[in-house]
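Trainee: A single structure is presented below for examination.
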Amino acid sequence: MNMIFEESNISSLQLKNRIIRSATHEGYGDHNGRPQKGLVELYQELAKGGAGAIITGIVGIQQNGKALSNMNMIDTDELIEDYSQITRRIHQLGVPIIMQLVHAGRQTNRKTLNGDVPIAPSSIRDKMYFKSKPRMMTEIDIQAMIESFVNAIERAQKAGFDGVQLHCAHGFLLSQFLSPYMNTRKDRWGGHTEKRTQIISEIFRKARKRVGAFPLLVKLNGFDHRPSGMNNDEAARIAKLLEENGCDAIEVSCGVMEDGFSTIRVHDIPVNQILDSVPDFKNMNRLLKRIMVPLVPRLMPKKEPIVNYNLSAARNIKQAVSIPVIAVGGIRDMDTINQVIEGEQVDYISMARPFVIEPDIVNRFKDGKQKASRCKSCALCYLKTVENHLRCYHTLS
Numbered sequence: 002m003n004m005i006f007e008e009s010n011i012s013s014l015q016l017k018n019r020i021i022r023s024a025t026h027e028g029y030g031d032h033n034g035r036p037q038k039g040l041v042e043l044y045q046e047l048a049k050g051g052a053g054a055i056i057t058g059i060v061g062i063q064q065n066g067k068a069l070s071n072m073n074m075i076d077t078d079e080l081i082e083d084y085s086q087i088t089r090r091i092h093q094l095g096v097p098i099i100m101q102l103v104h105a106g107r108q109t110n111r112k113t114l115n116g117d118v119p120i121a122p123s124s125i126r127d128k129m130y131f132k133s134k135p136r137m138m139t140e141i142d143i144q145a146m147i148e149s150f151v152n153a154i155e156r157a158q159k160a161g162f163d164g165v166q167l168h169c170a171h172g173f174l175l176s177q178f179l180s181p182y183m184n185t186r187k188d189r190w191g192g193h194t195e196k197r198t199q200i201i202s203e204i205f206r207k208a209r210k211r212v213g214a215f216p217l218l219v220k221l222n223g224f225d226h227r228p229s230g231m232n233n234d235e236a237a238r239i240a241k242l243l244e245e246n247g248c249d250a251i252e253v254s255c256g257v258m259e260d261g262f263s264t265i266r267v268h269d270i271p272v273n274q275i276l277d278s279v280p281d282f283k284n285m286n287r288l289l290k291r292i293m294v295p296l297v298p299r300l301m302p303k304k305e306p307i308v309n310y311n312l313s314a315a316r317n318i319k320q321a322v323s324i325p326v327i328a329v330g331g332i333r334d335m336d337t338i339n340q341v342i343e344g345e346q347v348d349y350i351s352m353a354r355p356f357v358i359e360p361d362i363v364n365r366f367k368d369g370k371q372k373a374s375r376c377k378s379c380a381l382c383y384l385k386t387v388e389n390h391l392r393c394y395h396t397l398s
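What follows is the structure, encoded as structure tokens:
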């Protein structure tokens, strides 16, 4: 247990323990993506509660890549000062904070984009966002995307963040490029593994020229569950390529949105909440919703196991790289954390939902007051933040 609560480093990041708050959408963006007051208060609770580091919820780099209408953005210099106020407050508590950067790609809809058509590596319809078939990105689109990611990295550095994490998992744009299921391009951005990874390599190469040794992390799928998609062996090869191009650490997750409860796991499918929250279902009339009730568990099936479901993939990736590897996914108790960290299976673990119900869970673990999270894995927090602020809705129901 001592190893868990010893100080350590990821590049220039100094962590007081090896338990990280994984990115969790907070729903604190206004219509322009400007962070609202409650966001800093949420991060303060996490910092006071003992998190070794905080990774923010998704922050968008282009307006045409918004996943949700209430997500935060960093697509303009005008937002730098707003984020600076957040980082100053969190640094007073001695905890590093990392901004997660994302473009939704095909995982959005025209309503969220104010009528624009979603863009993606290939024009393949997402089964979750079935009303909005994406437009295949042109070379101009791709170059603009690379520049937008680099600009966002530079803005995060100016705003005082301690690093950034590129979201290359869960079916968002960068993971769409990585997966042969979602990327069927025949040009230099598609084909074999190195070509599909090229867009991330370009972001890293250009970013390093502007931000120097500023920590650059990646959230990577260990596998994506898609037919002819990315498997764990290829994920390990991609991880090695990312390391060679300057990545400082890799957080290993899995799955895509259209695969149902794959990226996160649940004991029971929350059918009614899905129909009330998922944009393409929410606006259906009552009759259609009634018809959809028995179909939702088929469209959004749950996956097994419920706990520790990325550890095997993370261990495999750790064998391929020398940079730190972080495992996320159903890690809920101190016995598992102790086994994984002390056994050097991975370097860090991260948690999302346990921090929602108990922002002080790391302090409670350290003080011996608690050995496991109280999180019920109901996913109500995941669904409710489509339109609301992040909190545990199970304890309020």
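In terms of the numbering used here, the sequence shown opens at residue 2 and continues consecutively. Heads up, the beta-carbon is just placed ideally off N, CA and C, and yes, glycines get one too.
1) As an exercise, report each continuous beta strand (DSSP E) stretch of at least 3 residues that is fully enclosed by the stretch 86-160, in chain order.
2) Using 8 angstroms as the threshold, is the C-beta distance between V60 and M100 below it?
3) Between the alpha carbons of S398 and V322, how many angstroms are there, rounded?
4) State buried or exposed for P302, treating a residue as buried only when at least 16 other CB atoms are found within 10 Å of its CB.
5) In three-state DSSP terms, what is A208?
6) Pull up the CB-CB distance for A121 and Q177, whole angstroms please, since I reckon it's below 8 angstroms.
7) For L403 and V165, what's the separation of their Cα atoms in angstroms?
8) Just to confirm the assignment: which complete alpha helix (DSSP H) runs, minimum length 4, are found wholly within the stretch 346-371?
9) Whole-angstrom Cβ separation of A68 and L14, contact assumed at under 8 angstroms?
10) With a threshold of 8 angstroms, are at least 3 pairs of Cβ atoms found where one atom belongs to the stretch 262-277 and the other to the stretch 292-302?
11) May I ask you to list the residues that DSSP assigns as paired with K303?
12) Which two residues bound the contiguous alpha helix (DSSP H) that contains G39?
13) Return the residue from the list L179, I358 and N152 that minimises the CA-CA distance to G400.
14) How close, in whole Å, do the beta carbons of R365 and C382 come, if the pair is a contact with beta carbons under 8 angstroms?
15) Just to confirm my understanding: we take I318, look at its own chain, exclude 5 residues before and 5 after, and list those with CB closer than 7 angstroms. What are they?
16) What did DSSP end up calling C169 once you bin it into helix, strand or coil?
17) Between the stretch 148-157 and the stretch 209-218, do three or more beta carbon pairs fall short of 8 angstroms?
Mentor: Per the coordinate set shown:
1) 98-103
2) yes
3) Low confidence applies to S398: its pLDDT is 46, below 50, so where it sits in the model is not reliable enough to give any reading.
4) exposed
5) helix
6) 6 angstroms
7) No answer is possible for residue 403: it lies beyond the span of the chain, which begins at 2 and ends at 398.
8) 354-358 and 362-367
9) Rounded, the Cβ-Cβ distance is 26 angstroms, inconsistent with contact.
10) yes
11) F262
12) K38 to K49
13) The structure shown does not extend to residue 400, since the chain is modelled only from 2 to 398, so the question has no answer here.
14) Not confirmed; about 19 angstroms, so no contact.
15) G223, A236, A237, A240, I251, V253 and V326
16) strand
17) yes
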